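Here is the structure we will look at, set down as structure tokens.
2 protein chains.
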Amino acid sequence: MSNQGIWFSDLSRLVNPNSIVLVGASEKPDSIGGRTLENLTTFSEFKGELLLVNPGRTEIHGRPCVASVKDLKEAPDLAILAVRADMVIQTLRDCGEMGIKFAIVFTSGFGETGEDGRAVEAEMREIVASTGMRIYGPNCPGLNNMNARLGLTFSPAWRIDRRPGPIGVATQGGGLGRSFIQAMDRGVGVGLWCSGGNEVDLEVSDYIHYMADAPDIEVIVTTLEGVRNGPRFMAAALHAARRGKPIVAIKVGKSEYGAKAAQSHTAAIAGSAEINSAVFSQLGIIEVDDIDELIDVASLLARRKPTGKEQLAVYSFSGGTAALASDMVGLAGLKLSEFAPHTIEALRNALPGFAAFTNPVDVTAEVLVNTEVSYATLKATAADPNTDLVLVPIPVEYGKTTAMLADSMVRVQQEETNTPIVPVWMSDRTGEGHRKMIDGGLMPMRAVGNAVLAVQRFIEYGRWKAKFEREWRPLADVSDAEATANLSEAKTKALLEQAGVPTPRGVVARSPAEAAQAFRNVGNGKAVMKIVSAAITHKTDIGGVRLGIASEGAAMAAYEEIHANGVKACDASQIEGVLVEPMLPSPFVEAVVGIHRDPVFGHVCTFGLGGVSIELFKDVSRRLLPLTPASAREMITETRCYELLKGYRGQPAFDIDALVDMLVKLSDFVGKHAARIEELEINPLAVRPQGQGVAALDAVLSYQGTEPSTW
Amino acid sequence: MSNQGIWFSDLSRLVNPNSIVLVGASEKPDSIGGRTLENLTTFSEFKGELLLVNPGRTEIHGRPCVASVKDLKEAPDLAILAVRADMVIQTLRDCGEMGIKFAIVFTSGFGETGEDGRAVEAEMREIVASTGMRIYGPNCPGLNNMNARLGLTFSPAWRIDRRPGPIGVATQGGGLGRSFIQAMDRGVGVGLWCSGGNEVDLEVSDYIHYMADAPDIEVIVTTLEGVRNGPRFMAAALHAARRGKPIVAIKVGKSEYGAKAAQSHTAAIAGSAEINSAVFSQLGIIEVDDIDELIDVASLLARRKPTGKEQLAVYSFSGGTAALASDMVGLAGLKLSEFAPHTIEALRNALPGFAAFTNPVDVTAEVLVNTEVSYATLKATAADPNTDLVLVPIPVEYGKTTAMLADSMVRVQQEETNTPIVPVWMSDRTGEGHRKMIDGGLMPMRAVGNAVLAVQRFIEYGRWKAKFEREWRPLADVSDAEATANLSEAKTKALLEQAGVPTPRGVVARSPAEAAQAFRNVGNGKAVMKIVSAAITHKTDIGGVRLGIASEGAAMAAYEEIHANGVKACDASQIEGVLVEPMLPSPFVEAVVGIHRDPVFGHVCTFGLGGVSIELFKDVSRRLLPLTPASAREMITETRCYELLKGYRGQPAFDIDALVDMLVKLSDFVGKHAARIEELEINPLAVRPQGQGVAALDAVLSYQGTEPSTW
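From first to last, the protein sequence lines stand for chains A and B.
If you're matching positions, the first sequence starts at 1 in UniProt numbering and goes up one per residue.
If you're matching positions, the second sequence starts at 1 in UniProt numbering and goes up one per residue.
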């Protein structure tokens, strides 16, 4: 499957239906149908037509009610199913057949209960395929459209959680979503919450795609237990990126425990956490680890879009707190702004001698009791031309003092500056000041570490955006793995040469005499000799490699030896010969480049320094194919390998340009044969001094289907 | 300075004085003196004698008042100074001279304001030295003894923050301390808070030492901007460790910003963050990064002392939340318990089919509305014999549901089990359930990540405790750095041999003929030749090293060449000759061992894998001297080097026992000459296959004072 042919339904009539039928409507206030009806009427501002279905009623609360969906005169946009599990399939069929566009199914008792439930879900998908109706659910709390004040949900919480806002939330399970929604109490506004439960049809990717186009949504938040369809997910994420809407995501399943628990919860496959994180990072998806982090980052993005160049000021009335916050800013690799002279002057004028006028600003607690001082100093700090964000860590609830500080912050933010003022309410004790910050729209965070982490991610997103290649699309070839075969080193190298990837020019000798001849061709230098056989993967381990061959005699002896070792390891007929290559002169850096097909996202390239660096330190960078010159260069700079390549401690600089060129060519080659290439690894890849290029010293290809010679 | 001769005053009469004089007492409710008086009388339960001094009063609120400390008939235990800065020195002198044991100085305007203030602080120290009176402060909020209900402070917050408890808090700045104290609102009880401000005399170490002995304190919390006196701090920390009282610490100054801000705030020197963290970890001090982390870890330790073997259960009513929490448990390297069959049986009996009976437990939201079910399932989970701690992440405030859950939790904890039940109240919305958890003593944490991190640190402390070597004391030789000199490789190696550290047995040749002779002594193998000169530190860079010398002729040629390169780099008289050593046969692992004197804590040993691992990945472990066999072995296992040493991917195992032995001998050697050795580095140290020992291939020593030959 490739990214051609991915499309998304327009979900406008699901999110903002003109007409709704509630199947299973009830007058009982504690029933699912009754609560949903109340949410749709008393607690929504729905202007469209609301139809009710219940076989046992002709009217409910004065509204007409029909016995079956089939009794409706016209197909409404949306059906909401609040019916028993055993009635769901028939109702869905009726809805689909009469031309209803969308169905929300609250009912649980399907895929999450086991094999039988999964069979029913397959029937649901069949209804989607045959009627074109799209299904949201089952086993879900419904859909909350706060911005339209429309609660397509049975949850009694809808009555409380209706504060509108610019954040769209797309979740799988409902608990984490609701946890995010309750951040409304911190002033965080959510405009739309889609929580699709078992996702038999519509899934998180669809909601993200919709939110990317929705004019009332500016930031997208998602919680994932697994990515069901990698190419669709990537397409939705890129759509959001092109629309300039950041996605903040939490993905469960990074550890074995989490993967197991997530799978048992929503039956989603967790996939590889490393690959997942690499893909998120490449697509500009801001990955976080916890719900409070999700809230912090989203709330910041709802206030401002970052450029990636932000510099911070820290403003506090406690010296220790200022030091703590500055310390964390530094540890996170962020920059404290250097105040302009007029900022320092303004602070100096407002503050006594023992306060700190530079960044971090410590106005001291004594000073803060004067509201004019806090206003003037906050204003000066926020207005500083080098400052893009003001962090205000507040260690304690101090009654009137913190309330006055809150007043000043809100006033400065509303009247004086667009520079975000971000309070951190560190204490477990809250009070008037905290309340005022929330009411003033400042969405206080809960710990200095949280705030700094949020700002760091905010700025990183800005940097990503600045270098985002808008036209890039992932290869996304996720064909099922069939039986694969390995190609010998010599044949793989021949393919690489064709693809424009340099290798040492070697010859496969089939006798000692041919080895001697091949050695002569090498010229004056030394040679390397290696067994050639697709059946032998660890050549060194079986004695199939000799380095530093310096004479024809040595080449002939090495041939005998290597061949003899080879026939001990596999059948003689599987040995193609012995590869004789010139031995590359020092210095060079040994890197590793691997491309493999990830089952969720398609081909991913991995780059790193060879030897113990990869083995012991897992110091690698990853990118989805295709690579571009810019992304290939980034991959290199993201690893410690870059330290060596650019010339470490008096060593020469190595040929990074050639490395970039080679990575792109390799990516193009794999892209051309994506359906057939499972894995291709060059290890080691020698990166030679500047101007001397690179050389694939060893390589192995794993492929599907026909022999590469026929490609 | 060594750890001999470190002693701590008994602070009992500071913390629990029998008699107090308040100098600067006032009837004005808003003055420092007035607020302090009110705190001592109306808001304290002080049974001792309270005397007042104010030159302008004869009585205040009906209490007699004298004009000067000198007018007191007897010296009270404690003087509290609420006087102007210009009166502090005279008052302190009067107090000291009349035999008062302790003085608390609130007044600010000293060291924190600059040079003049520091001069006055020197006078204060002089008073301490000449009178024996100990000073707490200046520039501090005073001392809060909640357990005795005694507020030796001017802070109006004392009236609110008096909830007693088992946690002792020792801080430098007051803001972060107060932030911690307000965690009382989460049910965290603090029994004593010492916040010594500028610390002219008494310092954090003194309060830690006191708390280690105080029967009402079980956990010690500290915030540090700098460690003023390393040996004293270590002695206090070890005293607490021997008393079984954990210390949880936050240390500002890990980044340049933080170090600068901390220094400008309390004039404390930050020191090296890496060394600091290594020392904390070795002493069992639990280092955290933020105030909320401090609260979480301390609150957990206040409930239970860990063994290091704890296994966790996760209990939730949201599947996604259970998955998220399990994921974090896994990522932190913690263990989910495997439930005993009877636990699973009990859960199965109480729950419907679609819930999760194994760990993590997902009781589902529907179930939770039944209080008997939540009680029964929580009880079964907490009573599970393999479970040592139950984490209950609560994603949302759900009104009655969460209130009922809280009831069940509190009831199970109080009536049924000692296994800590740790709730995580994830939502920004709080309510009845949250309140009930606090009132029930469960001290809810605020985010899953926070809770898992706290549990991780809790368990790590348990592991540390299990292996704590009670009799160990640090070398703590922090003599001031004088001029240092370097010793040549050959001389350093001779010293190492004396110390029992093997080196290749080399000979220093002083002519080509001697080099040939030396080569013959090497035997059949190859030789290494290196320039010998204390003036040349980078031998390779100047062409002073030749490897793989295989004949006498080559040895003579190499001598000429190396010597010629040497005289280009330094004066010929500085060249001692050329070292001829046998070249060590492969395989061996190249490690690096360095010992250097840290100015705060004394000699620290650093161990790691050589080459790029140290250079690029900073993968090292550190220990204060002296090393013991156990700590030396730990150092090795803490680095990735251990992966190679124990036999990586078919490689042989290397001689770890010999490495341990060598590290201890090196430590003993440095310990013996601690005052003279500034730095000693062995790089590389070859660790040979099991049974073949280790060999210092290169080494350099930097020393003070006389030549080591005279030691």
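Backbone N, C-alpha and C fix where the C-beta goes; we use that ideal spot for every residue, glycine too.
The model shown is predicted, which means the values in this text are computed figures rather than measured ones.
Determine, using beta-carbon pairs with one atom in the segment 271-278 of chain A and one in the segment 152-170 of chain A, whether at least three such pairs fall under 8 Å. no
Could you give the residue range of the alpha helix (DSSP H) that holds Arg411/A? The residue labelled residue 411/A in the question sits at position 411 within the first sequence. Start and end: 400-415.
Determine, for Tyr703/B, whether the minimum Cβ-Cβ distance to residues of chain A falls below 8 Å. Reading the second sequence from its first residue, position 703 is the one you call residue 703/B. Cβ-Cβ to chain A under 8 Å: no for Tyr703/B.
In angstroms with no decimal places, state the Cα-to-Cα distance between Leu663/A and Val297/B. Position 663 of the first sequence, counted from the start, is the residue given in the question as residue 663/A. Position 297 of the second sequence, counted from the start, is the residue given in the question as residue 297/B. Cα to Cα, the separation comes out at about 47 Å.
For a quick check, are the C-beta atoms of Ala535/B and Gln574/B less than 8 Å apart? Your numbering for residue 535/B matches position 535 in the second sequence. Your numbering for residue 574/B matches position 574 in the second sequence. For Ala535/B and Gln574/B, yes; Cβs fall inside 8 Å.
Between which two residues does the alpha helix (DSSP H) containing residue 712/B stretch? Summary: the structure shown does not reach residue 712/B, with chain B confined to residues 1 through 711, and so no result is reported for it.
Do Ile682/B and Leu659/B have their beta-carbon atoms positioned less than 8 Å apart in this structure? Position 659 of the second sequence holds residue 659/B. Position 682 of the second sequence holds residue 682/B. Contact flag unset, no.
Given that Phe354/A touches chain B, what residues does it touch there, using C-beta distances under 7 Å? Taking the first residue of the first sequence as 1, we reach residue 354/A at position 354. The contacting residues are Glu112, Thr113.
CA-to-CA distance, Arg546/A to Met583/A, given in whole angstroms: Stepping through the first sequence from its first residue, residue 583/A is reached at position 583. Stepping through the first sequence from its first residue, residue 546/A is reached at position 546. Going from the Cα of Met583/A to the Cα of Arg546/A covers about 10 Å.
Cβ of Pro360/B less than 8 Å from any chain A Cβ? On the second sequence, residue 360/B is found 360 positions in, with the first residue counted as 1. Cβ-Cβ to chain A under 8 Å: yes for Pro360/B.
Would you mind working out which of Ser551/A, Ile208/A, Arg228/A, Gly96/A sits nearest His239/A, comparing C-alpha positions? In the first sequence, the residue the question calls residue 239/A occupies position 239. When only C-alpha atoms are compared, the closest one is Ile208/A.
For Thr223/A and Gly244/A, the rounded distance between their alpha carbons: Locating residue 244/A in the first sequence gives position 244, counting from the first residue. Locating residue 223/A in the first sequence gives position 223, counting from the first residue. So the two alpha carbons sit approximately 20 Å from each other.
What separation, rounded to the nearest whole angstrom, lies between the Cα atoms of Val396/B and Ser427/B? In the second sequence, counting from the first residue as 1, residue 396/B sits at position 396. In the second sequence, counting from the first residue as 1, residue 427/B sits at position 427. Their backbone Cα atoms lie some 5 Å apart in a straight line.
Would you mind reading off the limits of the beta strand (DSSP E) that contains Trp193/B? Position 193 of the second sequence, counting from 1, holds the residue named residue 193/B. Run containing Trp193/B: 190-195, per the beta strand (DSSP E) assignment.
Under 9 Å from the C-beta of Leu616/B: neighbouring residues of chain A: On the second sequence, residue 616/B is found 616 positions in, with the first residue counted as 1. Under the 9 Å cutoff, chain A gives Leu609, Ser613, Phe617, Asp619, Arg640, Cys641, Glu643, Leu644, Tyr648.
Positions along the segment 679-703 of chain A whose CB lies within less than 9 Å of some CB in chain B: Answer set for the segment 679-703 of chain A: empty.
Taking the alpha helix (DSSP H) that Arg35/A falls in, what are its first and last residues? As a position in the first sequence, residue 35/A is number 35, starting the count at 1. Element bounds for Arg35/A: 32-41.
In three-state terms, what does DSSP make of Asp201/A? Taking the first sequence and counting its residues from 1, the one referred to as residue 201/A is at position 201. DSSP places Asp201/A in coil when its eight states are reduced to three.
Beta carbon of Ala262/A nearer than 8 Å to that of Ala451/B: Taking the first sequence and counting its residues from 1, the one referred to as residue 262/A is at position 262. Taking the second sequence and counting its residues from 1, the one referred to as residue 451/B is at position 451. No, these two residues do not count as a Cβ contact at 8 Å.
Between which residues of its own chain and Ile89/A is the CB-CB distance below 8 Å, once the five residues before and five after are set aside? Start at 1 with the first residue of the first sequence, and residue 89/A comes out as number 89. The answer, listed in chain order, is Val120, Glu123, Met124, Ile127.
Does the count of Cβ pairs from the segment 697-707 of chain A and the segment 70-81 of chain B closer than 8 Å reach three? no
My assumption, with CB atoms under 8 Å, is that Ala237/B sits in contact with Leu283/B. Please give the rounded CB distance. Taking the first residue of the second sequence as position 1, residue 237/B is located at position 237. Taking the first residue of the second sequence as position 1, residue 283/B is located at position 283. Indeed, because the Cβ distance is near 4 Å, the residues count as touching under 8 Å.
Given a threshold of 16 other Cβ atoms within 10 Å of its Cβ, counted over all protein chains shown, does Trp464/A qualify as buried or as exposed? Translated into the one-based positions of the first sequence, residue 464/A becomes position 464. Under this definition Trp464/A is a buried residue.
Can you name the start and end residues of the alpha helix (DSSP H) that Val363/A belongs to? Position 363 of the first sequence, counted from the first residue, corresponds to residue 363/A. That residue, Val363/A, is in no alpha helix (DSSP H); it is neither H nor E in DSSP.
Got a sec? Which residues, its chain only, sit under 6 Å from Ala686/A by beta carbon, not counting five neighbours each side? As a first step, residue 686/A is located in the first sequence; it is residue number 686 there, counting from the start. Hits under 6 Å: Leu584, Phe588, Ala695, Leu697.
If the cut is a Cβ gap below 7 Å, which residues of chain A does Thr321/B touch? On the second sequence, residue 321/B is found 321 positions in, with the first residue counted as 1. Result: Gly175, Leu176.
Specify whether the segment 372-387 of chain A and the segment 403-415 of chain A touch according to this definition: at least 3 beta carbon pairs, one from each stretch, less than 8 Å apart. Touching, per the Cβ criterion.
How would you list, in chain order, the residues of chain B whose beta-carbon sits under 9 Å from the beta-carbon of Lys379/A? Residue numbering aside, residue 379/A sits at position 379 when the first sequence is read from its first letter. Simply none; closest approach about 22 Å.
Listed by chain order, chain B residues near residue 717/A by CB distance under 9 Å: The requested residue 717/A is not part of the displayed model; chain A covers only 1 to 711.
Have a look at Ala527/A and Ala675/A and give me their C-alpha separation to the nearest angstrom. Taking the first residue of the first sequence as 1, we reach residue 527/A at position 527. Taking the first residue of the first sequence as 1, we reach residue 675/A at position 675. CA-CA distance, Ala527/A to Ala675/A, rounds to 36 Å.
Between the CA atoms of Glu634/A and Gly174/B - distance to the nearest angstrom: For this step, residue 174/B is matched to residue 174 along the second sequence. For this step, residue 634/A is matched to residue 634 along the first sequence. Approximately 45 Å, taken between the alpha carbons.
Can we say the segment 46-60 of chain B touches the segment 105-117 of chain B, given the rule of at least three CB pairs closer than 8 Å? In this structure the segment 46-60 of chain B does not lie against the segment 105-117 of chain B, because fewer than three pairs of beta carbons, one per stretch, are closer than 8 Å.
Helix, strand or coil at Glu482/A according to DSSP, with G and I counted as helix: Taking the first sequence and counting its residues from 1, one reaches residue 482/A at position 482. DSSP places Glu482/A in coil when its eight states are reduced to three.
Closest by CA to Arg640/B, which one among Val314/B, Leu150/B, Val612/B, Glu49/B? What you label residue 640/B is simply residue 640 of the second sequence in a count that begins at 1. Minimum Cα distance to Arg640/B is reached at Val612/B.
Output, in chain order, the set of chain B residues within a Cβ distance shorter than 9 Å of Gly258/A. Mapped onto the first sequence, residue 258/A falls at position 258. The contacting residues are Ala323, Leu324, Ala325, Ser326, Asp327, Met328, Val329, Gly330, Leu331.
At what residues does the beta strand (DSSP E) containing Asp216/B begin and finish? Translated into the one-based positions of the second sequence, residue 216/B becomes position 216. Segment: none, Asp216/B is in no beta strand (DSSP E) and carries neither H nor E.
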